[in-house]
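Participant: Could you have a look at this structure, given as structure tokens, before my questions?
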Amino acid sequence: MKTGLQNRMDRLFNRHGDGRAICVAADHGYMSDVTPNVVNLNATVEAVIAGGVDGILLAPGQALRLAPLFKGREGPALIVRADWMNMPRLGTSNVTNSVPQRLLINEKVITAEQALSLGAIAITIYLFLGYSDKVETIGVDKCARFVNECRRAGLPCIIEPLAYGGKVTGANIVEILTLGARMAVEIGADALKIPYTGDVDSFRNLIDVSGVPTLVLGGARSDNERDALEMYAEAHEAGASGCLMGRNVTKSPDPKAMIEQLCNIGHQGWTVDEALRGKAWDFVRLKARPALCTGCDLCVGACVASHGNGDYGLDHARLRIESGSQTGHHKVMFCTICKKCIDICPTKALRWHLDSGAVELIPERCDSCSKCVDICPTHVIIHSKGGLTFEDGRMLDWFPVVCDLCGGVSECARICPTGAIFTAERSDFNPRLE
Amino acid sequence: MDLTQRAYCDRILRVNLSTGSIETTPLPADAMPLILGGKGLGAWLLFNEQPAGVDPLSPENHMIFHTGPLTGTTAPTAGRFGLTTKSPATGTYFDAYCGGYWGNVFKYAGYDALVLTGAAQNPVMLVIDGDRVEIRPAENLWGTTISVATEQIKTELGQEWQSLVIGPPGESQRNLAGIFNESRALARGGVGAVMGSKKLKAIVVRGSGGVHVHDKKQYERALQLAFRAVRMSGPISMLRREGTANILEVINVMGALPTRNFQQGQFEKSDEISGDAFRQNSWKNEYACFGCPIGCGKWTTPLEDGKVIEGPEYESIYALGSNCAISNRETIIRLNWLCDEYGLDTISVGGVIGFVMEMFERGIVSAKVLDGIAPNWGNAEAAIALVEKMARGEGCGKWLVQGVAAISERYPETKAFAMQVKGLEMPAYHPNAAKGTALAYAVSERGACHLRGAPLGEIFSGAANPLTIEGKPQLFRDHQADKAVWDSACLCAFPGYGMTLKELWQLVKAATGFDYPKVADLERLGERISTLARLFNVREGFSRTADTLPARNLTQPMTVGSAGGQVVDLEPMLDEYYRIMGWDANGIPTQVRLKELGIPDTRSFLE
């Protein structure tokens with residue numbers, strides 16, 4: 000059965016001939032409540048397949064139901080979840096929150112042979128760490144039995160070490176995960192699915208210590224899609240063989256795009272920024288969804304910190320959060336690149352920046368007339384703190400400070416925790432033709 | 000060492016309301032790496048500058064408002080600030096923390112801390128406009144409620160001003176009075192009464208300065224890691240979704256949801272007051288404090304008469320809900336509104352109402368004593384009437400608003416079920432169902448408190464079996480040190496459901512440039528600060544005898560629920576905890592341990 004094992008490992012990790020696999024976990028429906036991301040599992044699976052996913056992790060029943068989507072040898076690899084646990088039920092899934100030891104349940108639900116008959120290319124099982132020796136003993140025993148079954152069936156066994164118990168702290172989680180990775184391999188894991196350790200160096204060490212293909216998992220979904228991509232990019236840099244991400248993909252508004260972005264990082268070696276912009280955006284603009292704004296002012300703080308002398312504060316920001324008409328509502332006031340300031344400037348001191356497409360001031364032409372400040376519909380053009388003195392001795396008491404879109408990667412949009420302000424493509428725009 | 004290049008302002012604003020003197024002094028530079036800021040700075044200044052035995056409501060009591068090195072930056076929840084003083088409710092060292100939008104603006108005004116002493120003759124407000132600081136008459140604000148005072152200040156001074164105000168109970172120096180920045184509060188321990196005793200209605204602030212961190216590049220990288228840890232955390236996504244109330248159902252399952260003045264640990268109507276129930280029926284949209292990527296605050300849909308609150312929090316839902324056997328969400332919102340509007344602490348108010356309900360049911364108090372109000376269990380009208388009386392200081396409200404300990408002194412037969420420690424009403428985790436938390440309630444420097452390192456993870460996150468005492472002193476010690484670091488850096492506890500001390504350490508190191516080679520160095524700093532707070536209490540005469548719990552926890556088990564039959568075996572935990580902390584059997588820190596922790600001048604501390 001050794002051939003079968005090798006074939007299946009290749010099928011999962013070598014679709015692109017680079018030893019890497021971008022995979023999606025969509026087995027959440029039977030462990031937590033049926034969250035919206037898995038209600039219409041058919042559509043989600045179709046979307047990620049269209050995005051070029053290399054493997055999909057499903058619970059056994061869904062694997063049976065969705066088998067037609069896996070289309071023989073051309074399709075993605077089916078990975079079957081072979082055990083069940085109750086942890087996500089209580090809405091608790093990280094280091095500081097995990098199911099109390101006496102309530103933790105972890106049950107085997109399928110045998111390797113059954114998984115094989117579903118068309119599985121691999122199976123995944125958990126290994127819980129950080130609770131107590133007793134819990135770990137049970138986990139090690141369970142994993143060892145699975146590994147044996149898998150060996151007989153020629154089925155790759157992916158062990159998923161999770162450090163969740165009460166012994167896990169910020170100071171020791173890296174150590175526990177690294178040890179867990181090695182334990183899984185010693186038991187006989189063919190590959191690992193494991194949380195990111197938080198930094199490239201420690202994850203590289205974990206991968207070195209384990210010595211088998213390692214897939215980084217995603218964890219809870221971030222509203223900022225950049226987080227998942229950055230995390231994967233770092234894991235990739237550390238030597239990961241791919242990812243097995245669930246909620247960050249399935250809960251994304253566009254799972255297909257998310258997979259394409261991950262594939263471009265994993266298989267094409269793109270940077271996060273390149274991946275985020277799929278096709279290269281020549282120019283960007285800021286957009287807002289005010290209903291999502293909580294008023295936290297992080298965007299304003301990030302704007303101030305990335306300009307001027309770099310100190311943190313709220314003064315002289317190029318955008319503003321205002322109270323809305325109803326309690327708890329907010330207005331996001333930012334440069335909408337409406338061009339009114341450029342049009343009204345009597346001395347042509349304002350123009351489009353040729354690279355960023357933002358409004359740019361040519362200080363030499365400015366005479367501090369304030370017309371741009373007055374006409375700005377969102378009132379985000381402000382007076383500078385100090386003035387300027389030119390070589391010819393001419394002085395400006397102040398000059399208008401305008402949003403520069405941070406040269407294309409806007410800090411306000413990057414830090415916004417809810418996506419209330421975000422960067423979008425500015426199409427049909429050429430500053431040279433305007 | 001230039002502290003202004005290390006994320007501090009290096010200025011303490013000192014105002015004496017008796018003499019009207021206003022001056023600034025630098026931070027204690029040598030001590031800063033040992034105490035960091037926030038809680039550490041407050042404990043340091045209070046211990047060093049306030050002699051033993053000061054009456055908390057006298058002009059000699061210090062009110063020390065403090066920020067931390069991260070305050071005002073874009074670190075998660077960097078708007079937070081604290082207050083350290085001596086509490087009239089407990090007579091102990093007392094630190095309280097508050098989110099909102101005051102702390103960062105105070106730092107932009109150019110100060111790390113404000114030390115208030117003395118007392119004005121007539122009502123005043125302190126106006127801090129960057130470098131311009133003045134004490135102004137506030138006769139026109141005296142007697143106004145929180146929202147009225149806040150609005151009036153904004154109208155008179157401008158929308159960009161941030162204010163801290165007290166309500167009528169604070170003015171009357173009541174033990175349950177808090178200090179409010181709009182919907183957020185320094186709520187507990189009667190800190191509002193201390194402010195009232197100084198005839199200080201409000202502290203308003205405006206500032207346009209900035210915070211300069213030691214290593215900007217490293218700090219930005221640390222920020223990225225911190226935010227990612229917060230954004231990619233399941234528990235934090237639950238906080239965003241259902242607020243702090245998201246844990247209510249789990250706590251109830253574990254038998255730790257205090258019900259009917261702690262007679263039970265499970266509430267039969269918990270599903271009506273769960274985070275999900277509030278989300279489905281009562282909440283409209285999110286509220287976030289300054290710099291908070293979570294947004295656990297929730298604005299309610301208006302009540303019949305248009306009243307809206309930001310809340311209720313889990314603690315308020317327990318206190319005003321299950322603890323009084325009240326399951327009607329509108330009633331809880333109404334009670335919470337009364338507390339917010341008049342400036343009262345919801346936890347303690349709920350503690351009092353539950354306590355009075357039990358006294359009434361047992362026939363210890365009659366409706367006659369309570370101005371005709373008959374508060375049987377779950378009686379919403381009676382609860383509202385009692386809170387109105389407490390808020391307005393009318394009739395029985397005058398003595399009820401002094402808190403459970405004071406009421407229990409009037410009725411000594413109630414001592415066994417007066418659910419308070421050192422004069423502070425208990426928060427929302429039943430000690431009988433969570434032994435590590437019970438230990439924290441007993442020894443925390445400010446009385447029964449869940450935020451001074453109580454290992455709540457034993458209840459909802461598998462940190463240990465909550466019903467056993469084994470290993471709990473160590474677990475509590477670790478959490479206490481950890482929490483003291485968060486309070487000294489001055490961040491909210493909630494990013495810590497995604498971040499760990501490691502991410503905080505990366506931020507603190509980059510911001511201050513202080514020499515903390517390992518995460519463990521910060522743990523040591525945390526223990527040092529908790530010990531400083533303990534030392535203050537020791538000097539005030541507190542020792543082992545005060546580290547205790549009511550008989551309901553120690554000897555009277557609940558008959559039903561997941562924690563039925565459980566009592567707290569406190570003494571062995573105390574022995575073990577004192578030993579781990581390097582304190583003697585009476586709970587006094589030993590000279591040896593003080594030296595190990597690098598607490599200077601240890602001899603003068605204990606003389």
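Each protein sequence line maps, in turn, to chains A and B.
Going by numbering that gives the first Met the number 0, the first sequence opens with residue 0, and the numbers climb by one from there.
Going by numbering that gives the first Met the number 0, the second sequence opens with residue 0, and the numbers climb by one from there.
Cβ atoms here follow ideal geometry from the backbone N, Cα and C, with glycine treated the same way.
No experiment lies behind these values; they were computed from the predicted model shown.
Round the Cβ separation of B/E651 and B/M418 to the nearest angstrom and send it over; I've been treating them as touching at under 8 Å.
Facilitator: No information on residue 651 of chain B is available, as it lies outside the stretch 0 to 606 that chain B covers here.
Participant: Using CA atoms only, rank isn't needed, just tell me which of B/M389, B/K297 and B/E357 is closest to B/Q262.
Facilitator: B/E357
Participant: Based on the DSSP output, what are the partners of A/P399 in its beta bridges?
Facilitator: A/H382
Participant: Going by the CB atoms, is the gap between B/G117 and B/T24 shorter than 8 Å?
Facilitator: no
Participant: Please report the straight-line C-alpha distance between A/D222 and B/I587, rounded to a whole angstrom.
Facilitator: 48 Å
Participant: Which residues in chain B sit within 8 Å of A/P67, going by Cβ to Cβ distance?
Facilitator: Going along chain B, no residue has its Cβ under 8 Å from A/P67, so there is no contact; the nearest lies around 33 Å.
Participant: For A/I420, which three-state DSSP category applies?
Facilitator: strand
Participant: Could you tell me which chain A residues have their CB closer than 9 Å to the CB of B/C8, listed as they occur along the chain?
Facilitator: In chain order: nothing, as chain A lies at least about 11 Å away.
Participant: Would a C-beta distance cut-off of 8 Å place A/P155 and A/D189 closer than the cut-off?
Facilitator: In this structure, A/D189 lies closer than 8 Å to A/P155 by Cβ.
Participant: Sort B/D481, B/L337 and B/Q401 by Cα distance to B/F354 and report the nearest one.
Facilitator: Ranking B/D481, B/L337 and B/Q401 by Cα distance to B/F354 puts B/Q401 first.
Participant: Can you confirm whether the region 330 to 346 of chain B touches the region 390 to 405 of chain B when touching is taken to mean that 3 or more C-beta pairs between the two stretches lie within less than 8 Å?
Facilitator: yes
Participant: For B/D14, decide whether its Cβ has a neighbour in chain A, counting only Cβ atoms nearer than 8 Å.
Facilitator: First, the residue type needs correcting, since residue 14 of chain B is Val and not Asp in the sequence shown. With 8 Å as the cut-off, B/V14 does not count as an interface residue toward chain A.
Participant: B/H65 lies in the beta strand (DSSP E); which residues open and close that run?
Facilitator: Judged by DSSP secondary structure, B/H65 falls within the beta strand (DSSP E) whose first and last residues are M62 to H65.
Participant: Quick check on B/I34: does DSSP put it in helix, strand or coil?
Facilitator: helix
Participant: Which stretch, first to last residue, makes up the beta strand (DSSP E) that contains B/D128?
Facilitator: V123 to D128
Participant: For the beta strand (DSSP E) that contains A/H329, what are its first and last residues?
Facilitator: H329 to M332
Participant: For chain A, check one thing: does any of its Cβ atoms lie closer than 8 Å to the Cβ of B/R227?
Facilitator: yes
Participant: Using only the alpha-carbon positions, how far apart do A/E424 and A/C371 sit?
Facilitator: Cα to Cα, the separation comes out at about 25 Å.
Participant: Do the region 429 to 436 of chain B and the region 548 to 562 of chain B meet, that is, are 3 or more Cβ pairs less than 8 Å apart?
Facilitator: In the pairwise beta carbon analysis, the region 429 to 436 of chain B is classified as touching the region 548 to 562 of chain B: at least three pairs are separated by under 8 Å.
Participant: Find the nearest neighbour of A/L387 within the set A/L404, A/S367 and A/I374, judged by alpha-carbon distance.
Facilitator: A/S367
Participant: So is A/T196 in contact with chain B if we call contact Cβ pairs under 8 Å?
Facilitator: no
Participant: So, at 6 Å on beta carbons, what are the nonlocal neighbours of A/T2 in its own chain, with the 5 sequence-adjacent residues on each side left out?
Facilitator: If we look at A/T2 and ignore the five residues flanking it on each side, it has no Cβ neighbours.
Participant: Identify the residues that DSSP records as bridge partners of B/K297: which are they?
Facilitator: B/E285
Participant: So, at 7 Å on beta carbons, what are the nonlocal neighbours of A/A180 in its own chain, with the 5 sequence-adjacent residues on each side left out?
Facilitator: P160, L191, I193, L205, V208 and S209
Participant: From which residue to which residue does the alpha helix (DSSP H) around B/Y96 run?
Facilitator: Here B/Y96 belongs to no alpha helix (DSSP H); instead the beta strand (DSSP E) covers Y92 to C97.
Participant: What residue does the beta strand (DSSP E) around B/V14 start on, and which one ends it?
Facilitator: I11 to N15
Participant: Excluding five sequence neighbours on each side, which residues of the same chain lie with their C-beta closer than 6 Å to the C-beta of A/L65?
Facilitator: For A/L65, where only same-chain residues beyond five positions count, the Cβ hits under 6 Å are V44.
Participant: Taking its Cβ as the centre, do 16 or more other Cβ atoms sit within 10 Å of A/I361, making it buried, or is it exposed?
Facilitator: Around the C-beta of A/I361, fewer than 16 other C-beta atoms lie within 10 Å, and the residue is accordingly described as exposed.
Participant: So if DSSP puts B/L115 in a beta bridge, which residue, or which two residues, is it bridged to?
Facilitator: B/V14 and B/M62
Participant: List the endpoints of the continuous beta strand (DSSP E) containing A/L191.
Facilitator: A190 to I193
Participant: Taking A/C334 as the reference, give the member of A/C375, A/C365 and A/E321 with the closest Cα.
Facilitator: Ranking the options by Cα distance to A/C334, first place goes to A/C375.
Participant: Taking 8 Å as the threshold (beta carbon to beta carbon), is A/A357 in contact with chain B?
Facilitator: no
Participant: Would you call B/H478 buried or exposed, if buried means 16 or more other Cβ atoms sit within 10 Å of its Cβ?
Facilitator: buried
Participant: For B/A225, which residues of its own chain have a beta-carbon under 8 Å away from its beta-carbon, when the five flanking residues on both sides are left out?
Facilitator: A74, P75, P494, M498, E502, L503, Q505 and L506
Participant: By DSSP's criteria, B/I134 is part of a beta bridge. Which residues make up the other side?
Facilitator: Beta-bridge pairing by DSSP links B/I134 to B/L125.
Participant: Check whether the Cβ atoms of A/V303 and A/A316 lie closer than 8 Å to each other.
Facilitator: Closer than 8 Å, so yes.
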